[in-house]
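Engineer: In our numbering, the protein residues as written are 1 to 97.
The beta-carbon is built from N, C-alpha and C at its ideal position, and this holds for glycine as well.
1. Tell me, please, whether the region 64-74 touches the region 83-92 by the rule of three or more beta-carbon pairs shorter than 8 Å.
2. Rounding to the nearest angstrom, what Cα-Cα distance links residue 84 and residue 13 in this structure?
3. Thinking just about the alpha-carbon of each residue, which of 37, 16, 29 and 24 is nearest to the one in residue 80?
4. Let me know if residue 15 comes out buried or exposed under the rule of 16 or more other beta-carbons within 10 Å of its beta-carbon.
5. Does the distance from the C-beta atom of residue 26 to that of residue 51 stay below 8 Å?
6. By the three-class DSSP mapping on this structure, what secondary structure does residue 75 have?
7. Would you call residue 96 buried or exposed, if buried means 16 or more other Cβ atoms sit within 10 Å of its Cβ?
8. At what residue ranges does the region 32-73 contain a whole run of the alpha helix (DSSP H), taking only runs of 4 or more?
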């Protein structure tokens with residue numbers, strides 16, 4: 001039973017880490033698209049922007065830099081870093097048990 005529990009925890013920890021990575025990739029992709037002035041009429045760009053807005057809803061307008069690019073990098077970048085840190089911390093904690 002102990003081995004079964006450990007395997008389940010490792011799988012759950014791996015899933016949490018992968019989800020955190022995907023969230024950070026979406027946020028990083030939006031930052032890159034913004035900085036490269038991607039076509040906002042494109043469906044992929046609109047999808048990534050919408051997903052990134054949802055993921056960074058708590059941080060996207062947190063900073064008030066004068067330059068728009070700095071606000072995007074700081075707001076969405078902070079969300080990406082937090083998701084990576086928290087997701088991997090939880091996953092590592094689960095892997096240790």
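Structural biologist: Considering the structure as presented:
1. Segments in contact, no.
2. Spanning the two alpha carbons is a distance of roughly 13 Å.
3. Nearest in C-alpha terms to residue 80, of all of 37, 16, 29 and 24, is 24.
4. Label assigned to residue 15: exposed.
5. Cβ distance < 8 Å, so residue 26 and residue 51 count as in contact.
6. Three-state DSSP puts residue 75 in a helix.
7. So residue 96 ends up on the exposed side.
8. Counting only runs of at least 4 residues, the region 32-73 fully encloses the following alpha helix (DSSP H) elements, listed from N- to C-terminal order: 43-55.
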